[in-house]
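Engineer:
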Amino acid sequence: MEPFGVKDCALIALATGVRAQNLRELRDGIQKVPAASLYQHFWGRLLQPRFDEPEFNNDFAAWASHGLHDKSLAERLSVIDPSDFDDLEGLRQELVETIEIRLDESEFVPWARTDNQFHFILSQIVVFDTRRRLKKPNELARRVRNLSAGSIFYHFIDARRRPPHRVDDFSAWLMGWGDTYAELLPQLAAIDPYFASLKELRRILADLFALYFQEKAS
Amino acid sequence: MKDLLQQYAAVAGQDVVQHLRQLARSLQGLKVVHVNSTREGGGVAEILTKLVPLMQALGIEAGWEVINGEREFFECTKGFHNALQGRPTVLTKSMIEAYEKTNAVNAERLRPTLEAADLVFIHDPQPAALLHFCPGRKGKWIWRCHIDASHPYRAVWKYLRNWVAAYEASVFSLPEFAQVLPHRQYLIPPSIDPLSEKNLELPDEEVQTVVGRFELDPERPIVLQVSRFDRFKDPLGVISAYRLARQLTPLQLVLAGGNASDDPEGEAVLREVMQASNGDPDIHILLLPPDAHRTINALQRAADIVLQKSIKEGFGLTVAEAMWKAKPVIGGDTGGIRLQVINHQTGFLVRTPEGAALRIRYLLHHRDHLLDMGQRARRFVRENFLITRHLREYLVMMISLLSGQEERIEVE
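One line per chain: the protein sequences are Y and C, in this order. The working numbering numbers the first residue of the first sequence as 1 and each following residue consecutively. The working numbering numbers the first residue of the second sequence as 1 and each following residue consecutively.
Take a look at the structure:
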């Protein structure tokens with residue numbers, strides 16, 4: 001079996017020039033921006049300046065609350081889990097529908113203050129090899145705890161977009177060892193990659209690997 | 001040079017510096033030139049003073065060139081600066097001629113260096129026309145705008161845009177500042193340098209000496225705002241907030257700003273602030289010279305709470321400076337302050353003097369919460385607003401510029 005090559009990544013944000021002043025413009029923007037922009041506002045934000053315990057889980061929900069002061073919409077948008085959708089177009093459709101329902105319910109279109117527009121951005125991801133290698137799965141127990149946030153993002157989140165497996169890289173590597181780690185795979189799959197910060201995800205993964213390989217050794 | 005990276009590793013973390021080293025691997029030997037209009041003074045020079053040696057320490061052949069100009073050139077570029085910030089500005093024909101001639105003359109001197117570079121970063125409008133005078137350039141040119149250009153005065157922007165549009169890319173600090181341009185616009189927020197005079201750790205004795213020098217009472221809480229005397233910074237609102245808060249809480253207010261002698265509007269605001277203070281011995285209005293970085297640092301460390309009650313703000317780096325010193329910040333709910341002050345977590349966002357007063361009282365009566373918030377603020381700045389993050393984004397942008405527009409770039 002090939003060793004597990006630890007990679008790392010970093011993002012750079014780019015302006016799209018698309019912005020919204022009110023809820024209708026937000027819907028229109030969501031319909032027309034590249035899918036990469038939706039990815040940025042749901043997933044890429046994990047690697048951007050942010051607070052570890054965010055009130056909302058995506059930028060649209062945060063703006064609905066702080067920009068439009070529409071708490072109901074913010075709650076509905078925040079609960080949307082992008083990992084529930086096969087692709088970003090499905091996510092786009094769900095967002096548009098959620099906003100359409102809210103527009104239908106509203107007597108007027110909610111507006112934000114002039115200086116609090118929503119700016120759609122997108123990002124480019126640069127991936128690089130750390131030249132660190134894991135030869136055996138039991139090394140995960142020790143090494144995952146020291147991975148950077150970028151490595152966690154690349155291997156546990158970004159990997160789900162990459163063919164052929166479209167699963168996280170840890171699972172893909174473990175599958176290559178036959179049935180040896182069959183019990184571990186469902187436990188990895190049960191970790192929700194979305195509702196946690198990268199640091200929390202690292203801790204959850206490290207704890208899981210540590211416990212599993214400790215039990216296996218004993 | 002290695003020592004420099006180690007110094008940053010000591011404050012930002014070894015892992016952060018390791019990350020930078022790995023990112024820079026594919027940029028070894030790259031010729032990068034930064035150009036601005038001053039070696040000292042101002043935020044851009046401050047950033048380049050550290051960014052360029054850090055790039056060199058990472059194996060990039062980074063250089064820094066400065067353009068020279070006469071009085072009329074700088075009057076013109078001051079006009080550009082004001083216009084980009086939204087102030088209606090009239091530029092005479094001779095000012096424009098001085099601008100273009102100065103760029104042409106500087107291009108003569110810098111042409112060999114600039115045309116040979118792989119990447120050229122032109123900072124702010126002063127040297128923006130250089131590109132036009134370097135027709136044999138082989139590398140990519142990027143215009144880095146450090147100014148809040150969210151609502152530029154259109155007549156002047158229209159002129160500047162002619163120079164800027166020819167660049168391969170531009171960089172703005174916030175998405176709000178980006179413009180309609182025919183090229184990619186990267187977004188890189190500013191940062192603070194933890195090792196600069198403004199931000200380095202100070203011995204307690206030095207902090208106490210500054211407290212004594214300005215006759216502050218070390219036994220009573222200090223609330224501080226550091227800013228120019230400018231209406232957008234709302235110093236009168238700060239005084240109102242102080243008055244409301246001190247009705248129930250013993251308090252001192254420090255308003256520290258620059259001497260406004262070269263700024264007629266600043267002078268008028270300062271007069272209003274003096275009047276509003278009405279001789280209150282607990283309101284300390286400090287006029288400090290532009291290089292009083294260590295004094296400001298000490299004041300921020302001496303304060304219990306830092307205010308930045310702006311009603312309009314570009315980014316507001318004084319917020320990150322205060323947060324780095326583990327102070328909760330009560331900031332105006334506007335501009336880049338929102339990116340730094342996470343409401344109820346690293347401080348409070350307010351719209352009114354009443355809101356600021358309420359939060360001052362709350363924090364002074366919940367000291368444990370004040371301390372927690374301050375620690376959270378420091379961690380937040382450590383992860384997001386230090387120069388190491390700024391450098392990382394420059395490296396990623398450089399890789400992006402050299403690799404194309406694909407959403408994903410893999411480097412060795």
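No residue lacks a Cβ here, since even glycine has one placed at the ideal position from N, Cα and C. Predicted, not measured: the structure shown is a model, and the values here were computed from it.
Return the Cβ separation of Y/L95 and Y/L198 in integer angstroms, given the expectation that the two are a contact with Cβ distance under 8 Å.
Structural biologist: Incorrect: roughly 23 Å between the Cβ atoms, too far for contact.
Engineer: Can you confirm whether the region 106 to 117 of chain Y touches the region 64 to 80 of chain Y when touching is taken to mean that 3 or more C-beta pairs between the two stretches lie within less than 8 Å?
Structural biologist: Yes, they touch.
Engineer: Can you check which of these residues, Y/S37, Y/Q214, Y/L201, Y/I157, is closest to Y/V144 by C-alpha distance?
Structural biologist: The candidate whose alpha carbon is nearest that of Y/V144 is Y/L201.
Engineer: Evaluate the contact criterion for the region 116 to 135 of chain Y versus the region 5 to 14 of chain Y: three or more CB pairs, one atom per stretch, below 8 Å.
Structural biologist: These segments touch.
Engineer: Starting from C/F415, follow its DSSP beta bridges and name the residues at the other end.
Structural biologist: Absent from the model: residue 415 of chain C. The displayed extent of chain C is 1 to 412, so no value can be given.
Engineer: Pairing CB atoms from the region 195 to 207 of chain C with CB atoms from the region 157 to 170 of chain C, are three or more of them under 8 Å?
Structural biologist: Cβ pair count under 8 Å is below three, so no.
Engineer: Please identify, using Cβ separations under 7 Å, the residues of the region 180 to 210 of chain C that lie next to chain Y, in order along the chain.
Structural biologist: The residues in question are V180, R184, Q185, Y186, L187, P189.
Engineer: Please report the distance separating the alpha-carbon of Y/S78 from that of C/G355.
Structural biologist: Distance between the alpha carbons of Y/S78 and C/G355: 28 Å.
Engineer: Quick check on Y/V167 - is its C-beta less than 8 Å from some C-beta in chain C?
Structural biologist: Not one chain C Cβ lies under 8 Å of Y/V167.
Engineer: Tell me which residues share the same chain as C/G69 and place their Cβ nearer than 6 Å to its Cβ, disregarding the 5 neighbours each side in the sequence.
Structural biologist: The answer, listed in chain order, is T102.
Engineer: Quick check: what's the CA-CA separation for C/L202 versus C/P125?
Structural biologist: Cα to Cα, C/L202 sits roughly 36 Å from C/P125.
Engineer: What does C/D3 touch in chain Y if you count any residue whose Cβ is under 8 Å from its own?
Structural biologist: Chain Y residues near C/D3: none, gap ~23 Å exceeds 8 Å.
Engineer: Closer than 8 Å is the cut-off here; do at least three beta carbon pairs connect the region 379 to 393 of chain C with the region 3 to 21 of chain C?
Structural biologist: Short answer: they touch.
Engineer: Pull up the distance between the alpha-carbon of C/L364 and that of C/L370, whole angstroms please.
Structural biologist: If you take the alpha carbons of C/L364 and C/L370, they lie about 7 Å apart.
Engineer: Less than 8 Å between the CB atoms is what I'm expecting for C/P135 and C/V35, so what's the real figure, rounded?
Structural biologist: At roughly 17 Å, the Cβ-Cβ gap does not stay under 8 Å, so C/P135 and C/V35 are not in contact.
Engineer: Check distances from the C-beta atoms of the region 119 to 130 of chain Y to those of chain C and list, in chain order, the residues that come in under 9 Å.
Structural biologist: Correct list: H119, F120, I121, L122, S123, Q124, I125, V126, V127, F128, D129, T130.
Engineer: What residues of chain C sit near Y/L14, judged by a beta carbon separation below 8 Å?
Structural biologist: Those within 8 Å of Y/L14 in chain C are R184, Q185, Y186, L187.
Engineer: Are the region 309 to 324 of chain C and the region 334 to 341 of chain C touching, with three or more C-beta to C-beta distances below 8 Å?
Structural biologist: At 8 Å Cβ cutoff, the stretches touch.
Engineer: Report the neighbours of Y/S148 on chain C: residues whose CB is nearer than 7 Å to its CB, in chain order.
Structural biologist: Within 7 Å Cβ-Cβ: D15, H19.
Engineer: Would you say C/M397 faces chain Y, with C-beta separation under 8 Å as the test?
Structural biologist: It does: the Cβ of C/M397 has a partner Cβ on chain Y nearer than 8 Å.
Engineer: Spatial neighbours of Y/A15 within its chain, please: CB distance less than 8 Å, with the 5 preceding and 5 following residues excluded, ordered by chain position.
Structural biologist: Excluding sequence neighbours, Y/A15 sits near H119, I121.
Engineer: Quick check: C/A166 and C/H132, are their CB atoms within less than 8 Å of each other?
Structural biologist: It is a contact, given that the beta carbons lie within the stated cut-off.
Engineer: What are the boundary residues of the alpha helix (DSSP H) that includes C/R367?
Structural biologist: Segment 367 to 384, the alpha helix (DSSP H) holding C/R367.
Engineer: Under 9 Å, CB to CB, which of the residues in the region 14 to 30 of chain Y have a partner in chain C?
Structural biologist: The region 14 to 30 of chain Y vs chain C, Cβ under 9 Å: L14, A15, T16, G17, R19.
Engineer: In whole angstroms, what separates the C-alpha of C/A320 from that of C/G332?
Structural biologist: Approximately 14 Å between the Cα atoms of the pair.
Engineer: When the Cα of Y/S106 is compared with those of Y/L91, Y/R161, Y/T114, Y/R24, which residue comes out closest?
Structural biologist: Of the listed residues, the one whose Cα sits closest to Y/S106 is Y/R24.
Engineer: Which residues does DSSP list as the beta-bridge partners of C/K256?
Structural biologist: Per the sequence presented here, residue 256 of chain C reads as Ala, with Lys not at that position. According to DSSP, C/A256 bridges with C/V226, C/L286.
Engineer: Buried or exposed for Y/L211, please, with buried defined as at least 16 other CB atoms from any protein chain shown within 10 angstroms of its CB.
Structural biologist: Result: exposed.
Engineer: Give the single residue among Y/D81, Y/S65, Y/I12, Y/G178 whose Cα lies nearest to the Cα of Y/P193.
Structural biologist: Comparing Cα-Cα distances from Y/P193 to each of Y/D81, Y/S65, Y/I12, Y/G178, the minimum goes to Y/D81.
Engineer: Return helix, strand or coil for C/W141, following the three-state DSSP convention.
Structural biologist: Strand at C/W141.
Engineer: According to DSSP, is Y/H155 helix, strand or coil?
Structural biologist: Residue state, collapsed to three classes: helix.
Engineer: Can you give me the Cβ contacts of C/A245 inside the same chain, cut-off strictly under 7 Å, excluding the 5 residues immediately before and after it?
Structural biologist: Excluding positions up to five away in sequence, the list reads L251, A357, I360, R361.
Engineer: Measuring CB to CB, does C/I67 end up less than 8 Å from C/V32?
Structural biologist: It is not a contact, given that the beta carbons lie outside the stated cut-off.
Engineer: Let me check understanding here. Comparing Cα to Cα, which of Y/A20, Y/L103, Y/Y39 lies closest to Y/D86?
Structural biologist: Y/D86 has its Cα closest to that of Y/Y39, out of Y/A20, Y/L103, Y/Y39.
Engineer: Could you please give the first and the last residue of the uninterrupted alpha helix (DSSP H) stretch that includes C/G43?
Structural biologist: From DSSP, the alpha helix (DSSP H) with C/G43 extends over 43 to 57.
Engineer: Could you name the residues of chain C that Y/D8 contacts, counting a contact when the two beta carbons are closer than 7 Å?
Structural biologist: Near Y/D8 (Cβ distances below 7 Å), the residues of chain C are H19, Q22.
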